[in-house]
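Taking it in order: structure first as structure tokens, then the write-up.
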Amino acid sequence: MQITAPVLLKPKEKMAMLELDLDEPRFGEVRVKMVASGVCHSCLHAYDGSHTGIPMPIVLGDEGSGIVDAVGAGVTHLQKGDHVVISWAPSCSACKYCNLGFPALCLNTPAIGKTTGDVTLFHHNGKDVYHYGPSTYGSYIVVPESAAVKIRKDFPLEVAALIGCSVATGFGSAVNSAGLRAGQSVAVFGCGGVGLNAIQGAVATGAYPIIGVDVLDSKLELAKHFGATHTINLTKQDLEAEVKKLTGYGVDATIIAVGNSKAMEQGLTILAKQGIEVVLGLPGQGEKVPVDPWLLMGGERKIVGSRYGTSNPLVEFPKLVELAMAGRIKIDELVTKRYDLDEADEAFRSLAAGEQARGLIVF
757 MQITAPVLLK
767 PKEKMAMLEL
777 DLDEPRFGEV
787 RVKMVASGVC
797 HSCLHAYDGS
807 HTGIPMPIVL
817 GDEGSGIVDA
827 VGAGVTHLQK
837 GDHVVISWAP
847 SCSACKYCNL
857 GFPALCLNTP
867 AIGKTTGDVT
877 LFHHNGKDVY
887 HYGPSTYGSY
897 IVVPESAAVK
907 IRKDFPLEVA
917 ALIGCSVATG
927 FGSAVNSAGL
937 RAGQSVAVFG
947 CGGVGLNAIQ
957 GAVATGAYPI
967 IGVDVLDSKL
977 ELAKHFGATH
987 TINLTKQDLE
997 AEVKKLTGYG
1007 VDATIIAVGN
1017 SKAMEQGLTI
1027 LAKQGIEVVL
1037 GLPGQGEKVP
1047 VDPWLLMGGE
1057 RKIVGSRYGT
1067 SNPLVEFPKL
1077 VELAMAGRIK
1087 IDELVTKRYD
1097 LDEADEAFRS
1107 LAAGEQARGL
1117 IVF
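Taking the working numbering, I'd label the letters of the sequence shown as residues 757 to 1119.
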């Protein structure tokens, strides 16, 4: 079938709105009519060229929601008309990590630009157009069944798109990766779409104090709205002094939800003994973080990476919907601006300028 998508031909250049040919679903795959797609910082790295080695032309988008439009042979858990949230980490159901429930660590993940089976399903004038994960900026997409997670139909499908990356990643970083417990202190660096959800995850665990750290007052106001008990503006306040004032000795956890190696370094300096730093943000390729081994060994501090919030989308996505339905987390309020599909370039410009918590492309 023919679909519409903004296609990135070269980094930093305006995307071309093209009509593409999309292959039919193969065994175990479904076709999804997209309803909405979040504007994610990971895609911005491809768009602005800060992450190299990405094949082009390519359809971006790794966070979205839609309605199942067709199912291929062998599909057992989905049918036409189901409402789904798209996961960028489908399970292969064969490797060690998928069987442990961590599909984001799958050993059989296709090469970047390809989908399952190392093929492309998009084509333009007989030539391949590459995939960025599920490529949720396509008006229709074809994904493995495990990448389309069914949710209840009475939940607003537009905003459900954000569950597919920013909500699951941020919330899971606090609950799963950091393993926060009631009364533990945490500082979240970067109060954008992912960081705000890390704050919501911290609230859910009963952590206190919850400190939002950013360089923009507008982001810090959002942090308070989503549950931060305190905020620190790095351009106006002394980080270490403020944290010491609030905790006496440092925080039990830092969550680095910004792609900035300096923030990772700063997060280590305010960790209490036996504290944990959780790294979510993707810095530019080649950036390094200096680490003093004595800081780690002497205080039994830990640094861990967190991919998709150490979550299993098939389990976590429906739970997050239930939390939102119960008023325990805010999802619709994360959306600071909606865009039409042909406004994707403006959405990236606004994201890079720090003007939004989360932009949402609506089809």
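In this text, a Cβ means the ideal position worked out from N, Cα and C, and glycines have one as well.
For residue i, three-class secondary structure by DSSP
| i | result |
| --- | --- |
| Ala917 | helix |
| Arg908 | coil |
| Phe1104 | helix |
| Ser1017 | helix |
| Asp874 | coil |
| Phe945 | strand |
| Gly869 | strand |
| Ala1109 | coil |
| Ala1028 | strand |
| His807 | coil |
| Cys1085 | Per the sequence presented here, residue 1085 reads as Ile, with Cys not at that position. In this structure, Ile1085 counts as coil in the three-state DSSP scheme. |
| Ile940 | The question names Ile, yet the displayed sequence has Gln at residue 940. If DSSP states are grouped into helix, strand and coil, Gln940 belongs with coil. |
| Ala963 | coil |
Status (buried if at least 16 other CB within 10 Å, exposed otherwise) for residue i
| i | result |
| --- | --- |
| Val875 | exposed |
| His839 | buried |
| Val1071 | exposed |
| Tyr888 | buried |
| Ser849 | exposed |
| Pro890 | buried |
Which residues DSSP lists as bridging residue i, in chain order
| i | result |
| --- | --- |
| His879 | Asp777 and Asp884 |
| Asn989 | Asp970 |
| Ala787 | Checking the displayed sequence, the identity of residue 787 turns out to be Arg instead of Ala. Its beta-bridge partners are Ala826 and Val898. |
| Pro813 | The partner list for Pro813 (beta bridge, DSSP) is empty, contrary to what the question assumes. |
| Leu764 | Ile814 |
| Gln758 | Asp777 |
| Leu1116 | Gly794 and Arg1094 |
| Gly820 | Ser793 and Ile842 |
| Glu1033 | Thr1010 and Ile1059 |
| Gly772 | According to the sequence as given, residue 772 is Ala; it is not Gly. DSSP lists Val763 as partners of Ala772. |
Supposed close pair residue i, residue j - CB separation, criterion 8 Å
| i | j | result |
| --- | --- | --- |
| Met924 | Phe1073 | The sequence shown places Ala at residue 924, rather than the Met named in the question. Indeed, because the Cβ distance is near 7 Å, the residues count as touching under 8 Å. |
| Thr991 | Val971 | 5 Å |
### Task
State whether the segment 932-941 contacts the segment 859-871, with contact taken as three or more CB pairs (one from each stretch) at a distance under 8 Å.
Output reads no: the segment 859-871 does not touch the segment 932-941.
### Query
Touch check for the segment 901-911 and the segment 808-817: three-plus C-beta pairs under 8 Å?
By the Cβ test, the segment 901-911 is not in contact with the segment 808-817, since fewer than three Cβ pairs between them sit closer than 8 Å.
### Query
Quick check: the segment 1061-1070 against the segment 973-986, are there 3 or more CB pairs under 8 Å?
The way I'd put it, the segment 1061-1070 doesn't touch the segment 973-986; fewer than three beta-carbon pairs between them come closer than 8 Å.
#### Entry: Three or more C-beta pairs below 8 Å linking the segment 777-792 and the segment 828-843
Because the criterion of three Cβ pairs below 8 Å is met, the segment 777-792 and the segment 828-843 touch.
### Task
Spell out a yes or no on whether the segment 960-971 and the segment 991-1010 are touching, meaning 3 or more CB-CB pairs, one atom from each, closer than 8 Å.
These segments touch.
### Task
Answer yes if the segment 1106-1115 comes into contact with the segment 791-807, meaning at least three C-beta pairs across the two stretches below 8 Å, and no otherwise.
Verdict: yes, contact present.
#### Entry: Three-pair Cβ contact test at 8 Å for the segment 912-922 versus the segment 1087-1100
Enough Cβ pairs lie closer than 8 Å, so yes.
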